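What follows is a set of notes on a single structure, which appears directly below.
There are 2 protein chains.
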Amino acid sequence: MQRVPPNPAVQRLSLYLRRLEQLAADGTETVSSNQLAASLHRTAAQVRKDLGYFGQFGRPGVGYRVGALMEALRHALGTDRTWEAVVVGVGDLGRALLRFKGFPTRGFQFVGAFDISAAKIGKQFGPVRVQHIDEMPAVVRRHDVRLAVLAVPPEAAQDVADRVCAAGVRGILNFAPSPIDVPPRVAVCPVDLAASLEQLSFQVSAMR
Amino acid sequence: MQRVPPNPAVQRLSLYLRRLEQLAADGTETVSSNQLAASLHRTAAQVRKDLGYFGQFGRPGVGYRVGALMEALRHALGTDRTWEAVVVGVGDLGRALLRFKGFPTRGFQFVGAFDISAAKIGKQFGPVRVQHIDEMPAVVRRHDVRLAVLAVPPEAAQDVADRVCAAGVRGILNFAPSPIDVPPRVAVCPVDLAASLEQLSFQVSAMR
Numbered sequence: 006m007q008r009v010p011p012n013p014a015v016q017r018l019s020l021y022l023r024r025l026e027q028l029a030a031d032g033t034e035t036v037s038s039n040q041l042a043a044s045l046h047r048t049a050a051q052v053r054k055d056l057g058y059f060g061q062f063g064r065p066g067v068g069y070r071v072g073a074l075m076e077a078l079r080h081a082l083g084t085d086r087t088w089e090a091v092v093v094g095v096g097d098l099g100r101a102l103l104r105f106k107g108f109p110t111r112g113f114q115f116v117g118a119f120d121i122s123a124a125k126i127g128k129q130f131g132p133v134r135v136q137h138i139d140e141m142p143a144v145v146r147r148h149d150v151r152l153a154v155l156a157v158p159p160e161a162a163q164d165v166a167d168r169v170c171a172a173g174v175r176g177i178l179n180f181a182p183s184p185i186d187v188p189p190r191v192a193v194c195p196v197d198l199a200a201s202l203e204q205l206s207f208q209v210s211a212m213r
Numbered sequence: 006m007q008r009v010p011p012n013p014a015v016q017r018l019s020l021y022l023r024r025l026e027q028l029a030a031d032g033t034e035t036v037s038s039n040q041l042a043a044s045l046h047r048t049a050a051q052v053r054k055d056l057g058y059f060g061q062f063g064r065p066g067v068g069y070r071v072g073a074l075m076e077a078l079r080h081a082l083g084t085d086r087t088w089e090a091v092v093v094g095v096g097d098l099g100r101a102l103l104r105f106k107g108f109p110t111r112g113f114q115f116v117g118a119f120d121i122s123a124a125k126i127g128k129q130f131g132p133v134r135v136q137h138i139d140e141m142p143a144v145v146r147r148h149d150v151r152l153a154v155l156a157v158p159p160e161a162a163q164d165v166a167d168r169v170c171a172a173g174v175r176g177i178l179n180f181a182p183s184p185i186d187v188p189p190r191v192a193v194c195p196v197d198l199a200a201s202l203e204q205l206s207f208q209v210s211a212m213r
């Protein structure tokens, strides 16, 4: 039985996958744990340990086959399938996310965008036309949507979270800078952009 | 001498600060470590330990004074001052970041936005007008800018990173989904939006 990988190892899978995609685009067919580690400022031992959670890859003296490892990591992350997702909150950030090319190329397909503002409803952004949030449960059911991206103001976050959970969503990417409560069967990944800048200002202050 | 706080503790400071801001907005004057912990799904012991890295706050039986703790955390994070920042790459995401209200309210002030596209140069987004990237070093010097936000395609990220570092920037928030090499005196905080969705799909797959 495989051990359960710790969160940081799962986060590094995304990093390895990004690097492998670049290598594949450059036509590189094999890569050693040393090369993979060096380009990501990690150690080869950590790369081997992280990948070890997900299977037996690579051969001594040959390294990893780039294509096969990419496929295996996508399978491990669950991105070897398409994930239908909805966006709630179509402000500047919501619009940027709807148009962000990095999502569809990695298997995330937006099938709905929702807001409460009459001025936004009916407008097309990226792949979808904005609908009133009351239409959200029907869209989630019709497309068997598992993921929701919340780009709403903090004061609306909990209410919207309750509504997408009730509709059957199983994972929430939360851009609202406030924590949300969800049922145990729902996963939440918070993305606090201001917090990222705070981390950076802390590091820059500390290095002075 | 204070111990050096580990990165996750610094990340949780932002989380505590968000919660304190909400409490202050609600008119709450004191909060216990238990209350702070419960609303953020942490333990009181962890809250006390995290805050202990940054000073002596709180009194037994009374708890923390919300206003004083907010001030202390802002000082610890370096956000009790204004940080001038520039954005490089004014696509959908760059525009959303320029207009994002969460940055100026936390002390981050954009003083420049740069691109190479003639169609974008001269346009106003949020507080600034887009300029050609060749103008970036002069703006960085004039405003003593320490932070740069990179919202460029992955293939441009390293070149742009080299240019902002050469101009004197000390911290980079990198939205490009590719790692960048910077001199040792420069801090990098990567924000990989697709990776966040991958983490979420991993968790949802694992919970099935």
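The listed protein sequences derive, respectively, from chains A and B. Quick note on our numbering: the first sequence kicks off at 6 and runs consecutively. Quick note on our numbering: the second sequence kicks off at 6 and runs consecutively. All C-beta atoms, glycine included, are put in the ideal place defined by N, C-alpha and C. Being a predicted model, the structure only gives us computed values, none of them experimental.
Residue span of the beta strand (DSSP E) that contains B:Q114, given as start and end
The residue you call residue 114 of chain B lines up with position 109 of the second sequence. Start and end: 113-120.
Taking 8 Å as the CB-CB limit, is B:V196 close to chain A?
Counting from one through the second sequence, the residue named residue 196 of chain B turns up at place 191. Taking Cβ atoms only, chain A reaches closer than 8 Å to B:V196, which makes this a yes.
Interface residues of the segment 158-182 of chain B facing chain A [CB-CB below 7 Å]:
R175, G176, L178, P182
From this set, B:E76, B:A200, B:V133, B:G68, which residue's C-alpha is nearest B:A101's C-alpha?
Residue numbering aside, residue 101 of chain B sits at position 96 when the second sequence is read from its first letter. Per the Cα distances, B:V133.
Below 8 Å, can you find three or more Cβ-Cβ pairs linking the segment 87-106 of chain A to the segment 144-162 of chain A?
yes
Check whether the segment 144-152 of chain A touches the segment 74-86 of chain A, taking contact to mean three or more Cβ pairs, one atom from each stretch, closer than 8 Å.
no
Please tell me whether B:S201 and A:C170 are closer than 8 Å, where the distance is taken between their beta carbons.
The residue given as residue 201 of chain B occupies position 196 in the second sequence. The residue given as residue 170 of chain A occupies position 165 in the first sequence. No, the Cβ-Cβ distance between B:S201 and A:C170 is not below 8 Å.
For B:R190, does the count of other Cβ atoms within 10 angstroms reach 16, so buried, or fall short, so exposed?
For the purposes of this step, residue 190 of chain B is identified with residue 185 of the second sequence, where counting begins at 1. Answer is exposed; the Cβ neighbour count stays below 16.
Ignoring anything shorter than 4 residues, give me the alpha helix (DSSP H) runs that lie fully in the segment 8-39 of chain B, in order along the chain.
Every alpha helix (DSSP H) of 4 residues or more that sits fully in the segment 8-39 of chain B is shown, in chain order, as 12-30.
Does the beta-carbon distance from A:R111 to B:E203 come in below 8 Å?
Reading the first sequence from its first residue, position 106 is the one you call residue 111 of chain A. Reading the second sequence from its first residue, position 198 is the one you call residue 203 of chain B. Yes, Cβ-Cβ distance for A:R111 and B:E203 is below 8 Å.
Of all Cβ atoms in chain A, is any one closer than 8 Å to the Cβ of B:M75?
Numbered from its first residue, the second sequence carries residue 75 of chain B at position 70. Cβ-Cβ to chain A under 8 Å: no for B:M75.
Compare the Cα-Cα distances from A:K125 to each of A:G99, A:V209, A:Q40, A:S210 and report the closest residue.
If you number the first sequence from 1, residue 125 of chain A lands on position 120. Cα-wise, what sits closest to A:K125 is A:G99.
Beta-carbon neighbours of A:M212, restricted to chain B and to distances below 8 Å:
On the first sequence, position 207 is the one that residue 212 of chain A refers to. Correct list: R175, R190, A192.
Tell me which residues share the same chain as B:V135 and place their Cβ nearer than 6 Å to its Cβ, disregarding the 5 neighbours each side in the sequence.
The sequence position of residue 135 of chain B within the second sequence is 130, counting from 1. Cβ within range, chain order: V95, A118, D120, K125, I126, K128.
Let me make sure I understand the geometry here. Which of A:M75, A:G57, A:P13 has the alpha-carbon closest to that of A:A30?
For the purposes of this step, residue 30 of chain A is taken as the residue at position 25 of the first sequence. Selected option, being the one with the closest Cα: A:M75.
Cutoff 8 Å: A:T33 Cβ touching any chain B Cβ
Within the first sequence, the letter at position 28 stands for residue 33 of chain A. No, A:T33 does not count as interfacial toward chain B.
Does any residue of chain A bring its CB to less than 8 Å from the CB of B:L28?
Stepping through the second sequence from its first residue, residue 28 of chain B is reached at position 23. No, B:L28 does not count as interfacial toward chain A.
With distance defined between alpha-carbon atoms, name the residue in B:P188, B:T48, B:S210, B:P13 nearest to A:A192.
Numbered from 1 along the first sequence, position 187 holds the residue referred to as residue 192 of chain A. Nearest option by C-alpha distance: B:S210.
Using a beta-carbon distance below 8 Å, is A:Q129 in contact with chain B?
What you label residue 129 of chain A is simply residue 124 of the first sequence in a count that begins at 1. It does not: the Cβ of A:Q129 has no partner Cβ on chain B nearer than 8 Å.
Considering only C-alpha positions, which residue in the set B:A14, B:V15, B:E26, B:L205 is nearest to A:P182?
For the purposes of this step, residue 182 of chain A is taken as the residue at position 177 of the first sequence. It is B:E26 whose Cα lies nearest to the Cα of A:P182.
Please list the segments of the beta strand (DSSP E) lying wholly inside the segment 71-97 of chain B, counting only runs of 3 or more residues, in order along the chain.
88-93
So if I threshold CB-CB distances at 7 Å, which residues from the segment 82-101 of chain A count as touching chain B?
L82, G83, T84, W88, D97, L98, R100, A101
Partner residues on chain A for B:P184, Cβ-Cβ distance less than 9 Å
As a working mapping, residue 184 of chain B is identified with position 179 in the second sequence. What B:P184 touches in chain A: L20, R23, R24, S44, L45, H46.
Between which two residues does the beta strand (DSSP E) holding B:H137 run?
Position 132 of the second sequence, counted from the start, is the residue given in the question as residue 137 of chain B. Here the beta strand (DSSP E) through B:H137 covers 133-137.
Please list, in chain order, the chain A residues whose beta carbon lies closer than 9 Å to that of B:V209.
Within the second sequence, the letter at position 204 stands for residue 209 of chain B. Under the 9 Å cutoff, chain A gives G83, W88, R151, L152, R175, G176, V191, A192.
Could you check which residue in A:L155, A:T87, A:V15 has the C-alpha nearest to that of A:F180?
Position 175 of the first sequence, counted from the first residue, corresponds to residue 180 of chain A. The candidate whose alpha carbon is nearest that of A:F180 is A:L155.
Return yes when the C-beta of B:A199 is under 7 Å from any heavy atom of the ligand NAP, and no when it is not.
The model on display carries no ligand, and the ligand NAP is accordingly not part of it.
Can you list, in chain order, the residues of its chain with a C-beta nearer than 7 Å to that of B:L20? Leave out the 5 residues immediately preceding and following it.
Residue numbering aside, residue 20 of chain B sits at position 15 when the second sequence is read from its first letter. Same-chain partners within the cutoff: L45.
Helix, strand or coil: which one does DSSP assign to B:F130?
Residue numbering aside, residue 130 of chain B sits at position 125 when the second sequence is read from its first letter. Three-state DSSP puts B:F130 in a strand.
Please confirm whether A:G131 and A:R104 have their CB atoms less than 8 Å apart.
Start at 1 with the first residue of the first sequence, and residue 131 of chain A comes out as number 126. Start at 1 with the first residue of the first sequence, and residue 104 of chain A comes out as number 99. Yes, they are a contact pair.
Taking only beta-carbon positions, decide if A:E203 is within less than 8 Å of chain B.
Here residue 203 of chain A is taken as the residue at index 198 of the first sequence, counted from 1. Under the 8 Å criterion on CB atoms, A:E203 is classed as interfacial with respect to chain B.
If you run the structure through DSSP and keep just helix, strand and coil, what is B:A153?
As a working note, residue 153 of chain B is residue 148 in the second sequence. Three-state result, B:A153: strand.
Under 8 Å Cβ-Cβ, which residues of chain A neighbour B:Q16?
By one-based count along the second sequence, residue 16 of chain B stands at place 11. Per Cβ cutoff of 8 Å: A200, Q204.
Looking at the secondary structure, which residues open and close the beta strand (DSSP E) in which A:G63 lies?
As a working note, residue 63 of chain A is residue 58 in the first sequence. Bounds of any beta strand (DSSP E) do not take in A:G63, whose DSSP letter is neither H nor E.
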